[in-house]
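Structure, as structure tokens:
Numbering (full-length UniProt numbering), first residue to last: 1 to 368.
Below you can see the structure in the form of structure tokens.
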């Protein structure tokens, strides 16, 4: 059966926000999901004295769980352990336990395809949402022939009937409001804007706050902005107003519940039509001001479609509007455009690392 999926992870929506404001002795340091209800009294109150024993048993169950001895499980476990930096057990849920997001899933599907010579759809991941179950699926359906790589070039060049959003009147009004916002409330410094060119480009940058997209809209000239499509998570665009904004604001929504391959094909369609895309490869806003690891979906697009990558660096936005804040503070934000580079003769990993290294280097050079 398909797994039940939360609208958003409680760690980010509840616990993370609480911990930002709570004193150290009151912070929530860990969460455990148990399969059954806690012991209760006849009137429905939790028997608190019995909770430690329940949690202790949960821990013991995980320790003594026998791991599959198949090659597929071993390879998948090693990949997930390395990419997520967590202990992987057979019953670990890809999202709830390992914290995989939509961009992680794209990379995971790419890995399964290239390593096991098979085409994996996102529906397969949804129906086999634990490490053990996806390993069993791969064991049963893996290709008999050795396939070195997924043919991403063929996949990305496949025609799609998806209708792209457009740069409408709403987006133009939004840009005007951004001018007013960054003129009256924030001070903005834009550096090396002359590096921007009117040609298909994959723009990548660090994700510091909710101000980032507004900052880009303020910094990029309209001639480039109207042909630049933003990649965003669908979870932030659920209301009618936000969906309308996405449709008229060149926003392509990412959603793991939809066809991930189709999402990549949509991005590819944008680039094939001579336009650009902008993506935050970290996948989420920073929660401590530090640069997170990069997903390599943008690198797949860059290499297979031979499109230049251009990084940009945002500084100061996190200090003005961290994840725990309800309203931003007044202050100065800095945006720097870095020189573009060609993905030619580079691997996915090299492209990803080059973009991240450029951004990290500038972040380490504190801007005065």
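Note that the Cβ used here is the ideal one computed from N, Cα and C, for glycine as well.
Query: Local conformation of residue 350 per DSSP, three classes; Result: helix
Query: Beta-carbon gap between residue 185 and residue 327 smaller than 8 Å; Result: no
Query: Proximity to residue 103 [Cα-Cα], best of 136, 299, 334; Result: 299
Query: DSSP three-state assignment for residue 193, whether helix, strand or coil; Result: helix
Query: 8 Å contact criterion, which residue 136 and residue 209 should meet: CB distance rounded; Result: Not really, about 41 Å apart at Cβ, beyond 8 Å.
Query: Close beta carbons around residue 280, own chain, < 6 Å, minus the five adjacent residues each side; Result: 207
Query: Beta-ladder partner(s) of residue 331, from DSSP; Result: 186
Query: Residue 138 vs residue 92 beta-carbon contact at 8 Å; Result: no
Query: Beta bridge counterpart(s) of residue 231 as assigned by DSSP; Result: 252
Query: Expected contact under 8 Å - CB spacing of residue 217 and residue 178 to nearest Å; Result: 5 Å
Query: Unbroken alpha helix (DSSP H) run spanning residue 103, endpoints; Result: 102-116
Query: Residues near residue 340 in its chain [Cβ-Cβ closer than 8 Å; skip 5 each side]; Result: 195, 197, 201, 308, 309, 310
Query: Pick from 32, 18, 221 that is closest to residue 26, judged by C-alpha positions; Result: 18
Query: Where residue 308 sits in the DSSP three-state scheme; Result: strand
Query: Cutoff 8 Å: residue 180 Cβ touching any chain D Cβ; Result: The structure shown contains no chain D; it is built from a single protein chain.
Query: Straight-line Cα distance separating residue 265 from residue 399; Result: Nothing about residue 399 can be read from this structure; the chain reaches only from 1 to 368.
Query: Contacting residues, own chain, Cβ-Cβ under 8 Å from residue 111 (five flanking each side not counted); Result: 79
Query: As assigned by DSSP and simplified to three states, the class of residue 132; Result: helix
Query: Sub-8 Å separation of residue 55 and residue 32 beta-carbons; Result: yes
Query: Closest by C-alpha distance to residue 306, when choosing among 268, 319, 243; Result: 268
Query: Inter-residue spacing [alpha-carbon to alpha-carbon] between residue 272 and residue 283; Result: 24 Å
Query: Whole-angstrom distance between residue 275 and residue 89, CA atom to CA atom; Result: 43 Å
Query: Buried or exposed (CB count within 10 angstroms, at least 16 for buried), residue 343; Result: buried
Query: Local conformation of residue 124 per DSSP, three classes; Result: helix
Query: Spatial distance of residue 349 from residue 42 (CA atoms); Result: 57 Å
Query: Proximity winner among 142, 95, 52, 118, relative to residue 70 (alpha-carbon distances); Result: 142
Query: Segment limits, alpha helix (DSSP H) that includes residue 216; Result: 211-219
Query: For residue 159 and residue 232, the rounded distance between their alpha carbons; Result: 22 Å
Query: Beta-carbon proximity of residue 359 to residue 313, cut-off 8 Å; Result: yes
Query: Beta-carbon gap between residue 262 and residue 162 smaller than 8 Å; Result: yes
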